[in-house]
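Data block below; observations after.
Number of protein chains: 2
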Amino acid sequence: MITPPSSVRRSERSRRAILRSALDLCTERGYGHVTIEAIAADAGVSKKTIYRWWPSKGAVLLEAFTDALIDATPFVDTGDIGADLRSHVAGAVKLLSVPPFGPAYAGILSELHHDDRLAQQLREQLVDPRVEEAIGRLRSAQDQGQIPPGADLPLAVEMLYGPVYYRHVLRKPVQDEKTIAALVDHVLRSLRAPGY
Amino acid sequence: MITPPSSVRRSERSRRAILRSALDLCTERGYGHVTIEAIAADAGVSKKTIYRWWPSKGAVLLEAFTDALIDATPFVDTGDIGADLRSHVAGAVKLLSVPPFGPAYAGILSELHHDDRLAQQLREQLVDPRVEEAIGRLRSAQDQGQIPPGADLPLAVEMLYGPVYYRHVLRKPVQDEKTIAALVDHVLRSLRAPGY
DNA sequence: GCGGAAACGGAACGTACCGTGTCGTGTCGT
DNA sequence: ACGACACGACACGGTACGTTCCGTTTCCGC
């Protein structure tokens with residue numbers, strides 16, 4: 001996450017103040033009003049200090065968001081793949097439904113299309129590892145006979161996360177538990193059913 | 001689409017030049033360099049004229065993109081729901097894969113989170129009508145016995161489009177025909193299979 | 001036709017934020 | 001102890017914003 005002059009002398013105090021201010025501003029005034037200058041002013045920090053360690057405000061918020069997401073959506077294994085996927089997806093949906101994390105992630109996604117480095121960073125540090133974890137959990141269910149061998153697990157992950165992103169990006173009202181349960185059930189069915 | 005002072009005296013010449021310049025600039029220099037000032041300069045038009053008819057550059061591009069999308073992804077009914085969905089999704093993916101439409105739509109999506117009016121406009125004028133069309137096509141397949149009665153058709157549409165948005169937003173390499181076919185097959189299976 | 005309302009192009013304005021540079025201070029490794 | 005370096009602060013030029021003013025052109029209604 002730290003970008004340029006890796007150093008031990010970095011001020012942890014400033015780092016925390018910057019991440020906190022970024023999220024706070026996102027809550028109070030919305031992502032559009034989160035600017036480098038506003039973060040610096042709110043955190044009592046020089047702009048230069050922010051630019052020294054992060055390439056953009058998107059990168060600042062990505063670091064803050066990643067920490068929160070990993071805590072909020074662990075991959076558990078109770079032996080029931082359906083229940084575990086439901087609680088996992090519900091955790092992600094819930095995190096996205098509350099400020100500042102929903103707006104923050106929407107803002108991060110909105111920067112991807114004009115910021116190649118941020119897009120790569122998001123995929124490498126957040127999306128890809130968690131997709132791998134999800135596939136791992138599905139493979140475990142496969143070993144327990146809850147999913148047929150040969151099932152297309154990467155596709156299953158995209159079918160799970162796809163609608164969540166779709167809703168979040170289009171800003172449709174959040175999904176309730178019932179919708180999440182129906183989604184998970186349909187994805188699992190699609191893996192089990194005989195070929196079309 | 002026309003926003004404020006509905007009038008017959010609007011210059012169709014300026015309107016076309018603005019939409020064309022917006023898409024051209026998107027191709028040549030990327031969405032990030034499409035600004036109201038650049039559009040005005042390229043189209044030989046006053047900024048005031050743009051602000052008179054559109055509330056933002058996102059609204060300009062939404063109007064241009066909508067026209068293109070409707071042409072590119074019709075809903076046909078050959079009697080084979082699988083084939084029809086494959087060609088429909090392939091049309092959408094293909095449109096998103098070529099400039100200026102891919103970058104333009106990514107840019108539009110990126111504006112939604114800080115522009116409530118644009119988000120509402122996108123849903124009402126583009127997404128919701130096409131979701132309804134998709135549900136209509138699925139219902140027709142239901143009547144022909146290709147999909148069981150009682151299937152959750154709205155959810156099916158989200159499972160179809162979700163991964164497309166997911167990939168587009170995260171800027172993962174475009175889906176090939178095989179992936180699209182697998183996606184469509186899985187969605188149809190999930191509707192047919194016995195309950196989980 | 002003719003007069004006037006309204007849309008037009010062009011130019012300039014102040015504001016906001018960007019990303020960078022400079023400078024003096026303070027602090028942390030060696 | 002000392003020197004390197006991160007720090008805060010402040011100022012800079014640059015870009016795009018959204019608005020305002022001006023003089024011109026276009027077109028509707030009379």
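Protein sequences appear in the order of chains L and A.
If you read the first sequence in full-length UniProt numbering, its first letter stands for residue 1, the second for the next number, and so on.
If you read the second sequence in full-length UniProt numbering, its first letter stands for residue 1, the second for the next number, and so on.
Backbone N, C-alpha and C fix where the C-beta goes; we use that ideal spot for every residue, glycine too.
It should be emphasised that the depicted structure is a prediction, and the values quoted were computed from it without experimental measurement.
Original post:
Using a beta-carbon distance below 8 Å, is Ile135/A in contact with chain L?
Top reply: no
Subject >> Distance, Arg137/A Cα to Asp116/L Cα >> reply: 38 Å
Subject >> Cβ contact (3+ pairs, closer than 8 Å) linking the region 168 to 183 of chain A and the region 118 to 132 of chain L >> reply: The region 168 to 183 of chain A makes contact with the region 118 to 132 of chain L, as at least three CB pairs between them are under 8 Å.
Original post:
chain L partners of Asp152/A, CB-CB under 8 Å?
Top reply: Ala182 and His186
**OP:** Answer yes or no: do Ala182/A and Val157/A have a C-beta to C-beta separation smaller than 8 Å?
**Re:** With contacts defined as CB atoms closer than 8 Å, Ala182/A and Val157/A fail to qualify as a contacting pair.
Original post:
If you draw a straight line from the C-alpha of Gly79/A to the C-alpha of Val184/A, how long is it?
Top reply: 15 Å
**OP:** Report the three-state DSSP secondary structure of His113/A (helix, strand or coil).
**Re:** coil
Subject >> Between the CA atoms of Val76/L and Ala92/L - distance to the nearest angstrom >> reply: For Ala92/L and Val76/L, the distance between alpha carbons rounds to 14 Å.
**OP:** State the Cα-Cα distance for the pair Ser140/L and Gly150/L, rounded to the nearest angstrom.
**Re:** 13 Å
**OP:** Alpha carbon to alpha carbon, how far is Leu23/A from Ile108/L? Give it in angstroms, no decimals.
**Re:** About 24 Å.
**OP:** Could you give the DSSP three-state label for Ile81/L: helix, strand or coil?
**Re:** It is helical.
**OP:** Please compile the residues from chain A whose C-beta is within a distance smaller than 8 Å of the C-beta of Ser140/L.
**Re:** Near Ser140/L there are no residues of chain A at all, since even the closest Cβ is about 18 Å away, more than 8 Å.
Original post:
Along the chain, where does the alpha helix (DSSP H) that runs through Asp42/L open and close?
Top reply: Ile36 to Ala43
Subject >> Cβ neighbours of Val187/A in the same chain (closer than 6 Å, five flanking residues each side left out) >> reply: Ala156, Met159 and Leu160
Subject >> Within chain L, partners of Arg9/A - CB distance below 7 Å >> reply: Under the 7 Å cutoff, chain L gives no residues; its nearest Cβ is about 34 Å from Arg9/A.
**OP:** Note down, in chain order, each residue of its chain lying with its Cβ closer than 8 Å to the Cβ of Val34/A, except the 5 sequence neighbours on either side.
**Re:** Closer than 8 Å at the Cβ level, and outside the excluded window around Val34/A, lie Ala22, Leu25, Cys26, Lys57, Leu61 and Gly107.
Original post:
Is the Cβ-Cβ distance between His114/A and Gly30/L less than 8 Å?
Top reply: yes
Original post:
Does His88/L come within less than 8 Å of chain A when only Cβ atoms are used?
Top reply: no
Original post:
In chain order, what residues of the same chain lie with their CB nearer than 6 Å to the CB of Glu177/A, ignoring the 5 residues before and after it?
Top reply: none
Original post:
residue 200/A lies in the alpha helix (DSSP H); which residues open and close that run?
Top reply: As shown, chain A starts at 1 and ends at 196. That puts residue 200/A outside it, with no answer to give.
Subject >> Contact set between Glu158/A and chain L, taken where Cβ atoms lie within less than 7 Å >> reply: What Glu158/A touches in chain L: Pro163 and Tyr166.
Original post:
Straight-line CA distance for Arg189/L to Gln146/A?
Top reply: Using only the alpha carbons, I get a separation of about 17 Å.
Subject >> Close Cβ partners of Gly44/L (< 8 Å) along its chain, the five nearest in sequence each way excluded >> reply: Ala17
Original post:
Is it the case that the Cβ atoms of Glu63/L and Leu19/L are separated by a distance below 8 Å?
Top reply: yes
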